[in-house]
Each structure stands twice: as structure tokens, then as C-alpha cells.
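Student: The working numbering puts the first residue of the sequence shown at 228, with every later residue one more than the last. We put the beta carbon where it would ideally sit given N, CA and C, even for glycine.
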Amino acid sequence: IRCFELLDACKFTDFWEAFKQLESNAQVDVKKSRQGIISVLALCYRTAPLSVVQSALNSTATVNASDYAEMESVSGNVVTFAATADNTKRHRVFQEGIKFSSVSSFVVASQ
Numbered sequence: 228i229r230c231f232e233l234l235d236a237c238k239f240t241d242f243w244e245a246f247k248q249l250e251s252n253a254q255v256d257v258k259k260s261r262q263g264i265i266s267v268l269a270l271c272y273r274t275a276p277l278s279v280v281q282s283a284l285n286s287t288a289t290v291n292a293s294d295y296a297e298m299e300s301v302s303g304n305v306v307t308f309a310a311t312a313d314n315t316k317r318h319r320v321f322q323e324g325i326k327f328s329s330v331s332s333f334v335v336a337s338q
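#1: Between F308 and L249, is the Cβ-Cβ spacing less than 8 Å?
#2: Helix or strand or just coil, what does DSSP make of A245?
#3: If you draw a straight line from the C-alpha of K316 to the C-alpha of T287, how long is it?
#4: Taking only beta-carbon positions, decide if N285 is within less than 8 Å of chain B.
#5: Looking at E297 and S266, is the spacing between their C-beta atoms short of 8 Å?
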């Protein structure tokens, strides 16, 4: 349960420490665990420092973009993930026609 909580909280380095302490960790596929972590990183980042990715994967080995579908490239000390709607900047501006009087009532009520 502790490992699940750490993964859910995106505390990947702490996850690997807890994972090492499990007696049954031989039954868990490390490659699948790393794939899941890469998927989470790809949701959050378009680019990330290589050291951050290596730490999250509990690996000092070379990270190859060809090992993960979500990775576009590894160049120098930067990992670039494939662009998705989740990890790219949105250029759309929402203009909903909100009247100042409706917002000002919130400001007055909070004081």
C-alpha cells in the first residue's frame, strides 16, 4: 500500500526506496513500473532534465527515447516528450462575458 501511495503522490524516488524493502518485489515487473512513471511524466512535462527522469526511474543508465513511446528525444541533459494536449501550453483565451457586478459580490463577501 505504501508503494501505491508514493506512486499516486508522484514521489518516485521514495517509491523506489520503499520498493527495495519489499520481499515480493521480484514478482513486480520493473519495466512496467518505469513505463507507468514515464507516462505520468509525459502528462506533466514537454521537456524535463535528464537527471529528473533518471531519478524518477531509479536509474543512472542512459535513457533511450526508443524505449518509451512517450519520449520524442534525449539530447544532452534534456528529455523531450511527445507533444500532447496535456503537456503543451494552451493559447486559447476564455472570454465568458462575466459581468463585474457578479465578481464584485465575491470580493465583498470575502472581506
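Tutor: This is what the structure gives:
#1: Within the sequence shown, the letter at position 81 stands for residue 308. Within the sequence shown, the letter at position 22 stands for residue 249. Cβ distance not < 8 Å, so F308 and L249 don't count as in contact.
#2: To locate residue 245, count along the sequence shown from 1; it is residue 18. Note: A245 maps to helix in three-state DSSP.
#3: Here residue 316 refers to the residue found at position 89 of the sequence shown. Here residue 287 refers to the residue found at position 60 of the sequence shown. K316 and T287: Cα-Cα distance of roughly 30 Å.
#4: No chain B appears in this structure, which consists of one protein chain only.
#5: Numbered from its first residue, the sequence shown carries residue 266 at position 39. Numbered from its first residue, the sequence shown carries residue 297 at position 70. Cβ atoms of S266 and E297: closer than 8 Å.
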